[in-house]
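Enquirer: Residue numbers (our numbering): 68 to 299.
Glycine residues also receive a C-beta, built at the ideal position from the N, C-alpha and C atoms.
Please read all numbers here as calculations on a predicted model, not as lab measurements.
Pasting in a structure now, in structure tokens, and then I'll have a few things to ask.
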DNA sequence: TTCCAGAGAC
DNA sequence: GTCTCCGGAA
């Protein structure tokens, strides 16, 4: 199998069906990075409520947010869920920005994925997916983002084992795709939109999925009606 | 593995 | 009422 051709085929199929995604929503690098932390295991609609609270209070910039204590931050981001945990994670990220670039993310321009990714992963509360989201969407660096939808879709199609680790799944893309920021950006956006609409955890709606042709081509699974079930 | 922890869909 | 959500830490 030519993995590059297959993965580009997935990309084109989603692109043809869904059109451009215009990701990641947010006016500044900091706002995008903040959203990446707040959306951890959380529906985006709830993140928007938290962002709205911060915006109304003029706190969507690092300097202003850094002056609040954790309880004040927690109260504002409450709609995003796990708010006490996430308030600490935002604090840790602000401390990172303070040391790294004096709270100005423009100071991170010129950094590389190889240089910055390990540093981000040192921050407690920033795991691999959040780090890659910040690198790609906030800073425009070519670090491919994978997530639960990526694993579920490719797993159900039989292209990867469903228990594949984050790093291995990321390499599955980065080993064959060119390091193209625009491609990486749109690819992950399309995966999330496709996953949300067609590849629900319990029962996928494969019949109408933009990627149905690939399921038939690669899958050891059986597609019955509008849902996908494991092959006996 | 379990907890976090609100909110919408079902 | 249960499940899931643009995960990560202990």
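Residue range of the alpha helix (DSSP H) that residue 107 falls in?
Expert: Element bounds for residue 107: n/a, residue is neither H nor E.
Enquirer: Note down, in chain order, each residue of its chain lying with its Cβ closer than 7 angstroms to the Cβ of residue 239, except the 5 sequence neighbours on either side.
Expert: Around residue 239: 227.
Enquirer: Can you give me the C-alpha to C-alpha distance between residue 276 and residue 141, rounded to a whole angstrom?
Expert: If I take the Cα positions, the gap works out to 39 angstroms.
Enquirer: My output table needs one value for residue 217: the three-state DSSP class, helix, strand or coil.
Expert: It is helical.
Enquirer: What number of angstroms, rounded off, separates the C-alpha of residue 259 from the C-alpha of residue 251?
Expert: Roughly 13 angstroms separates the two Cα atoms.
Enquirer: When burial is assigned at 16 or more other CB atoms within 10 Å of the CB, is residue 189 buried or exposed?
Expert: It is exposed - the Cβ of residue 189 has fewer than 16 other Cβ atoms within 10 Å.
Enquirer: Exposed or buried, which one is residue 152 when buried takes at least 16 other CB atoms within 10 Å?
Expert: Classification for residue 152: exposed.
Enquirer: Give me, in chain order, the residues of the same chain whose beta-carbon lies closer than 6 angstroms to that of residue 132; leave out the 5 immediate sequence neighbours on both sides.
Expert: Counting only Cβ-Cβ distances below 6 angstroms, and skipping sequence neighbours, we find 126.
Enquirer: How is the alpha helix (DSSP H) around residue 263 delimited, first residue to last?
Expert: 248-265 is the extent of the alpha helix (DSSP H) around residue 263.
Enquirer: Counting C-beta neighbours from all protein chains within 10 Å, is the total for residue 68 16 or more, i.e. buried, or is it exposed?
Expert: Residue 68 comes out exposed.
Enquirer: The alpha helix (DSSP H) that contains residue 238, what's its start and end?
Expert: Element bounds for residue 238: 233-241.
Enquirer: Over what stretch of residues does the alpha helix (DSSP H) that includes residue 111 continue unbroken?
Expert: Residues 111-123.
Enquirer: Short of 7 angstroms in beta carbon distance, which residues of its chain neighbour residue 150, apart from the five on each side in sequence? Order them along the chain.
Expert: Here the set comprises 141, 144.
Enquirer: Are at least three pairs of beta-carbons, each pair with one atom in the segment 89-102 and one in the segment 264-271, less than 8 angstroms apart?
Expert: The segment 89-102, when compared against the segment 264-271, does not touch it at the 8 angstroms Cβ threshold.
Enquirer: Within the continuous alpha helix (DSSP H) that includes residue 130, where are the two ends?
Expert: Here the alpha helix (DSSP H) through residue 130 covers 129-133.
Enquirer: Let me confirm a value: residue 253 is counted as buried when at least 16 other C-beta atoms fall within 10 Å, else exposed. Which label applies?
Expert: Looking at its Cβ environment, which holds 16 or more other Cβ atoms inside 10 Å, residue 253 is buried.
Enquirer: List the endpoints of the continuous alpha helix (DSSP H) containing residue 211.
Expert: Here residue 211 belongs to no alpha helix (DSSP H), and DSSP marks it neither H nor E.
Enquirer: Could you check what DSSP says for residue 269 in three-state terms: helix, strand or coil?
Expert: In this structure, residue 269 counts as coil in the three-state DSSP scheme.
Enquirer: Is the segment 168-180 close to the segment 199-217, with three or more CB pairs under 8 angstroms?
Expert: Yes: the two stretches touch, three or more of their Cβ pairs being nearer than 8 angstroms.
Enquirer: Among 138, 114, 78, which has the Cα closest to the Cα of residue 249?
Expert: Checked all of 138, 114, 78; the closest Cα to residue 249 is 78.
Enquirer: Taking its Cβ as the centre, do 16 or more other Cβ atoms sit within 10 Å of residue 195, making it buried, or is it exposed?
Expert: Flag for residue 195 reads buried.
Enquirer: Which of helix, strand or coil does DSSP assign to residue 95?
Expert: Coil, per DSSP.
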